[in-house]
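Input: a single structure, listed below in structure tokens.
4 protein chains.
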Amino acid sequence: MTAGDFRTLTLSCVNRPGIVAAIAQKLFELGTNMTEAQQFDDTESGRFFMRVVFSPFDGWEPSRLIPEMAALAAEFGMTWTIKENARPTRVMLLVSKFDHCLVDLLYRWRVGELAIEPVGIIANHPAAAYADVDFGGIPFHYLPVTAATKAQQEARILQLVEDSGTELVVLARYMQILSNEMALQLSGRCINIHHSFLPGFKGARPYHQAYARGVKLIGATAHFVTHDLDEGPIIEQDVERISHADTPEDLIRKGRDIERRVLARAVRYYTEQRAILNGRKAIVFLD
Amino acid sequence: MTAGDFRTLTLSCVNRPGIVAAIAQKLFELGTNMTEAQQFDDTESGRFFMRVVFSPFDGWEPSRLIPEMAALAAEFGMTWTIKENARPTRVMLLVSKFDHCLVDLLYRWRVGELAIEPVGIIANHPAAAYADVDFGGIPFHYLPVTAATKAQQEARILQLVEDSGTELVVLARYMQILSNEMALQLSGRCINIHHSFLPGFKGARPYHQAYARGVKLIGATAHFVTHDLDEGPIIEQDVERISHADTPEDLIRKGRDIERRVLARAVRYYTEQRAILNGRKAIVFLD
Amino acid sequence: MTAGDFRTLTLSCVNRPGIVAAIAQKLFELGTNMTEAQQFDDTESGRFFMRVVFSPFDGWEPSRLIPEMAALAAEFGMTWTIKENARPTRVMLLVSKFDHCLVDLLYRWRVGELAIEPVGIIANHPAAAYADVDFGGIPFHYLPVTAATKAQQEARILQLVEDSGTELVVLARYMQILSNEMALQLSGRCINIHHSFLPGFKGARPYHQAYARGVKLIGATAHFVTHDLDEGPIIEQDVERISHADTPEDLIRKGRDIERRVLARAVRYYTEQRAILNGRKAIVFLD
Amino acid sequence: MTAGDFRTLTLSCVNRPGIVAAIAQKLFELGTNMTEAQQFDDTESGRFFMRVVFSPFDGWEPSRLIPEMAALAAEFGMTWTIKENARPTRVMLLVSKFDHCLVDLLYRWRVGELAIEPVGIIANHPAAAYADVDFGGIPFHYLPVTAATKAQQEARILQLVEDSGTELVVLARYMQILSNEMALQLSGRCINIHHSFLPGFKGARPYHQAYARGVKLIGATAHFVTHDLDEGPIIEQDVERISHADTPEDLIRKGRDIERRVLARAVRYYTEQRAILNGRKAIVFLD
Numbered sequence: 001m002t003a004g005d006f007r008t009l010t011l012s013c014v015n016r017p018g019i020v021a022a023i024a025q026k027l028f029e030l031g032t033n034m035t036e037a038q039q040f041d042d043t044e045s046g047r048f049f050m051r052v053v054f055s056p057f058d059g060w061e062p063s064r065l066i067p068e069m070a071a072l073a074a075e076f077g078m079t080w081t082i083k084e085n086a087r088p089t090r091v092m093l094l095v096s097k098f099d100h101c102l103v104d105l106l107y108r109w110r111v112g113e114l115a116i117e118p119v120g121i122i123a124n125h126p127a128a129a130y131a132d133v134d135f136g137g138i139p140f141h142y143l144p145v146t147a148a149t150k151a152q153q154e155a156r157i158l159q160l161v162e163d164s165g166t167e168l169v170v171l172a173r174y175m176q177i178l179s180n181e182m183a184l185q186l187s188g189r190c191i192n193i194h195h196s197f198l199p200g201f202k203g204a205r206p207y208h209q210a211y212a213r214g215v216k217l218i219g220a221t222a223h224f225v226t227h228d229l230d231e232g233p234i235i236e237q238d239v240e241r242i243s244h245a246d247t248p249e250d251l252i253r254k255g256r257d258i259e260r261r262v263l264a265r266a267v268r269y270y271t272e273q274r275a276i277l278n279g280r281k282a283i284v285f286l287d
Numbered sequence: 001m002t003a004g005d006f007r008t009l010t011l012s013c014v015n016r017p018g019i020v021a022a023i024a025q026k027l028f029e030l031g032t033n034m035t036e037a038q039q040f041d042d043t044e045s046g047r048f049f050m051r052v053v054f055s056p057f058d059g060w061e062p063s064r065l066i067p068e069m070a071a072l073a074a075e076f077g078m079t080w081t082i083k084e085n086a087r088p089t090r091v092m093l094l095v096s097k098f099d100h101c102l103v104d105l106l107y108r109w110r111v112g113e114l115a116i117e118p119v120g121i122i123a124n125h126p127a128a129a130y131a132d133v134d135f136g137g138i139p140f141h142y143l144p145v146t147a148a149t150k151a152q153q154e155a156r157i158l159q160l161v162e163d164s165g166t167e168l169v170v171l172a173r174y175m176q177i178l179s180n181e182m183a184l185q186l187s188g189r190c191i192n193i194h195h196s197f198l199p200g201f202k203g204a205r206p207y208h209q210a211y212a213r214g215v216k217l218i219g220a221t222a223h224f225v226t227h228d229l230d231e232g233p234i235i236e237q238d239v240e241r242i243s244h245a246d247t248p249e250d251l252i253r254k255g256r257d258i259e260r261r262v263l264a265r266a267v268r269y270y271t272e273q274r275a276i277l278n279g280r281k282a283i284v285f286l287d
Numbered sequence: 001m002t003a004g005d006f007r008t009l010t011l012s013c014v015n016r017p018g019i020v021a022a023i024a025q026k027l028f029e030l031g032t033n034m035t036e037a038q039q040f041d042d043t044e045s046g047r048f049f050m051r052v053v054f055s056p057f058d059g060w061e062p063s064r065l066i067p068e069m070a071a072l073a074a075e076f077g078m079t080w081t082i083k084e085n086a087r088p089t090r091v092m093l094l095v096s097k098f099d100h101c102l103v104d105l106l107y108r109w110r111v112g113e114l115a116i117e118p119v120g121i122i123a124n125h126p127a128a129a130y131a132d133v134d135f136g137g138i139p140f141h142y143l144p145v146t147a148a149t150k151a152q153q154e155a156r157i158l159q160l161v162e163d164s165g166t167e168l169v170v171l172a173r174y175m176q177i178l179s180n181e182m183a184l185q186l187s188g189r190c191i192n193i194h195h196s197f198l199p200g201f202k203g204a205r206p207y208h209q210a211y212a213r214g215v216k217l218i219g220a221t222a223h224f225v226t227h228d229l230d231e232g233p234i235i236e237q238d239v240e241r242i243s244h245a246d247t248p249e250d251l252i253r254k255g256r257d258i259e260r261r262v263l264a265r266a267v268r269y270y271t272e273q274r275a276i277l278n279g280r281k282a283i284v285f286l287d
Numbered sequence: 001m002t003a004g005d006f007r008t009l010t011l012s013c014v015n016r017p018g019i020v021a022a023i024a025q026k027l028f029e030l031g032t033n034m035t036e037a038q039q040f041d042d043t044e045s046g047r048f049f050m051r052v053v054f055s056p057f058d059g060w061e062p063s064r065l066i067p068e069m070a071a072l073a074a075e076f077g078m079t080w081t082i083k084e085n086a087r088p089t090r091v092m093l094l095v096s097k098f099d100h101c102l103v104d105l106l107y108r109w110r111v112g113e114l115a116i117e118p119v120g121i122i123a124n125h126p127a128a129a130y131a132d133v134d135f136g137g138i139p140f141h142y143l144p145v146t147a148a149t150k151a152q153q154e155a156r157i158l159q160l161v162e163d164s165g166t167e168l169v170v171l172a173r174y175m176q177i178l179s180n181e182m183a184l185q186l187s188g189r190c191i192n193i194h195h196s197f198l199p200g201f202k203g204a205r206p207y208h209q210a211y212a213r214g215v216k217l218i219g220a221t222a223h224f225v226t227h228d229l230d231e232g233p234i235i236e237q238d239v240e241r242i243s244h245a246d247t248p249e250d251l252i253r254k255g256r257d258i259e260r261r262v263l264a265r266a267v268r269y270y271t272e273q274r275a276i277l278n279g280r281k282a283i284v285f286l287d
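Read top to bottom, the protein sequences are chains A, B, C and D.
First residue of the first sequence? That's 1 in the UniProt record's numbering, and the numbers climb one at a time after it.
First residue of the second sequence? That's 1 in the UniProt record's numbering, and the numbers climb one at a time after it.
First residue of the third sequence? That's 1 in the UniProt record's numbering, and the numbers climb one at a time after it.
First residue of the fourth sequence? That's 1 in the UniProt record's numbering, and the numbers climb one at a time after it.
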């Protein structure tokens, strides 16, 4: 058995007794071993969420997996996915002027830290703006945008997303606000990094807002993109300490470090099927 | 020389060259040694802030200190204070139902960790509500409050503050909103602990707001009280990680720990002359 | 159904496929619902660990629970426990001169934050040393100790532990080294708080060691007690930032805060069946 | 006046009254304004340390600065340096197989975040091992090393350091132990990043040691290099939380993030004259 044999199942359904028993029994019958499992019983919504990593042992019949899981899912009214862990997630990276998140994600991809396959980089600045960045053969798409061309530009992005088989769109400091239509289209498969500790400092220039307010910690927030700007379900947040002596420029500098690691964690959680939409919130199954 | 000989000078004035030289020279002439010094040149407001701890050596003439500092301060247009470090700060503690911050401050006082002298405890619940709390001989004042009696109750509080020689009023989870008049009266000498990571989740029930929003970190904020509710200059903040599985009750529990330590730090900074008002912000001189 | 109906099952056994299925199926058959579940497949030791919280629904027959779980456990060679969540854990608190952890645990107990029932306080200093601490009716045992009387003193402690039905012994800054025999007797049911970030600064006066070494963060460590001093399985650790200007006394002061919260978390994890011994390490199942 | 006019003075001497007054007076006389100042009175060693940032105003006579400071320093027996802030620090980067710290420092240099001028990269692996790294025109030196060639290789490194006018040598995960002679030669101007929370887990494979010990936090440490391996004065440390489920590979991955930011901060502190050797410890003057 190799790493390629591990798969991850995620599911959600209306909660009722017996779900775990049914899932565990089925995975056992199919000749697999549950190596990781997390569950969450959301008493607020009445829904049940589960993530299971499993791997084959003797008696494994791959052809039975999907049909039998589908049957079980139908019985419980489950939304579900199964992903082969060894297959990297196809990711489209969107970026504007600031490239620190892009460069960071590309580095993590190169050293094999993130199980992603970048299928394209879309920027609203020309390639020359990223002269120091080694795209490593990833297709680069320059899609400038103005108020007048926004609709066409977004249509072009969506086309690239579709043509490339993109599974996850990452707004790696992409400083354009997506239209409601586009946000809806990408619902649940688009992650943004916001350079503030949301819900504080929504909107523009959050580090300048933080400076003006005199906070003692600044942060960054990775969230699923929804049509409701800066209100998307939060996947990950982190902070760093600042002082009265820090200028807005210092905050921007310190913020880059926070943004990088928060976005990278969120992408990791997504690729490992740990981050799951739950209405206005995100479940993140950690070990 | 004993610890009692240390004094702390704080000052602020319009910035110009020569301030530090003048202060350092004067303290030297007076027969003292600067053992700690911090300064902040606020380029935004053009004001200069300084904190100096000094102790006498040979030639120290205590009677010269105040008149000569006053003369120097006049020359530079300084706002200034000098405090003897050994003298504890006279503190009035205000509390409502939740006593965790009160209990924590009293413990830190008992073991000599905080250089405070509690001159009174004011509560809008009767003493019986704190049956498990050992007030250690500190006068307890039960001052219930309703919309109709708020003005009189606040007048009574201010009277107690004045009569007791209170230097710092601590709102240790005192769940009443001060009137603008009272906030103004106590400006710069009243610290509140807010149970959220401001400016996120202003207003009531912040932990429930945090739960509803699905944040991944919760926090608390100690700030100077101003008439602008939840907008006072921030002295200290801290956070802890939470997960989707945390209920509002879990947040409240985790929050107690954050509130306790954030408020205790803010009180410490105040008593050590480290926290200084600077318009809408607070300077906090740390080592 | 009330909170009292929740129970927590923990188990470990040699890993093999089908364990989760068997457990989930059995709990379902017994008329219960799994509301929380965590598992860990320790590939190093080949052992499997699980924690399940379950509650009854229709068809629940309490009398079947223990016999049927015992039969299942026998089949898989499981070590297992079931605890009713509503029943507090019986805790014996041991303390020496410094009472900050004791006072903190008692406060958390009083406000209902920790599901413990303190069955006794054992100190090697007389009750007068804790004049400011409200024991709240908990039996206090003064058991002084010298090299010559150590064996008898420990025998007396073990007797009190046995007589009181103690489930967990907490060394709340108890500054005596337990004998190997006593450590073995209490194996898996005794937690200590060490005032350093282990494995750094083992042994005496860790804050002075930290000061001498010039570290930039200090910490504390809660661990299961074993005969191998300062080498027990670690349950929880935390740190705070310090600077070159902090004296050993500052470190001790900052350390008290870390020790308090680290020990309180470890006790919580134990009472919620989250902290499980795994050889030289501890598994801690968090949400 | 431009940024180029800011200078930073650092000094240390035996403590005595009047040092700050003398320095502040002299800087004022020279026509400069102190914009930042930090001091530390080390009561353990009896030495006084100071860092001052100053900028010219009217009457500034640059030619007087060095002679007059030298005269003052002689009077107090000071060790001192003055650096022009606008001039980047000349840095030699040493690296072995793992390039995450190198790549990170180069990125921070490119975006102008670190005031460094990389004068060379020295590696004990050939350039081909870093095919994905854009050296940006920085001279690359492949200096393989074996036990037999260590002396010559180190001599070559020291020659490159001298020829290039290197001010700071950064061991950016350079996995060779420097000889005592070389460590002494580079004393006070060589920073290493150690992949553990020192003093825990000295020596080889610290993440594997951390895994074996079962700690709940891992860290990294940037320190001045001394002949005493893993005992150099600590400049910066940081940690991240791990769990029982993290494998050694997970620790290595999480550790890369900690190493990167800890080393980058230490280099920043050095270039800003904030990190100052003080015997076995390092003073780090932060705002």
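Where is the CB? At the ideal position from N, CA and C, for every residue including glycine.
Opposing strand residues paired with residue i [DSSP bridges]
i: A220 (chain C); result: C:D238
i: R7 (chain C); result: C:F54, C:E84
i: Y142 (chain C); result: C:A123
i: M92 (chain A); result: A:G120, A:V169
Where residue i sits in the DSSP three-state scheme
i: Q28 (chain D); result: Reading off the sequence, residue 28 (chain D) comes out as Phe, not Gln. Helix, per DSSP.
i: I157 (chain A); result: helix
i: S12 (chain A); result: strand
i: M78 (chain C); result: coil
i: N180 (chain C); result: helix
i: residue 289 (chain C); result: Because chain C in this structure spans residues 1 to 287, residue 289 (chain C) falls outside the shown range and cannot be described.
i: M69 (chain C); result: helix
i: T271 (chain A); result: helix
Pair within 8 Å by beta-carbon distance, residue i and residue j
i: V52 (chain D); j: L30 (chain D); result: no
i: Q209 (chain D); j: F197 (chain D); result: no
i: I218 (chain B); j: I242 (chain B); result: yes
Close-in-space but distant-in-sequence residues of the same chain around residue i (CB under 8 Å, 5 per side omitted)
i: L102 (chain C); result: L93, V95, I121, Y130, V133, A172, R173
i: S55 (chain A); result: M1, D5, F6, R7, T32, N33, T35
i: N180 (chain A); result: H227
Beta-carbon proximity list for residue i, same chain, < 6 Å, skipping 5 on both sides
i: Q38 (chain B); result: R51, F285
i: T89 (chain B); result: I116, E167, L168, T271
i: W60 (chain C); result: G31
i: A73 (chain B); result: W80
Cβ neighbours of residue i in the same chain (closer than 7 Å, five flanking residues each side left out)
i: D99 (chain B); result: Y130, V133
i: A155 (chain D); result: none
Cβ-based contacts, 8 Å cut-off: residues of the stretch 189-204 of chain D near chain C: F197, L198, P199, G200, F201
Please list the residues of the stretch 113-132 of chain C that have a C-beta atom closer than 9 Å to any C-beta atom in chain B, keeping them in chain order. E113, D132
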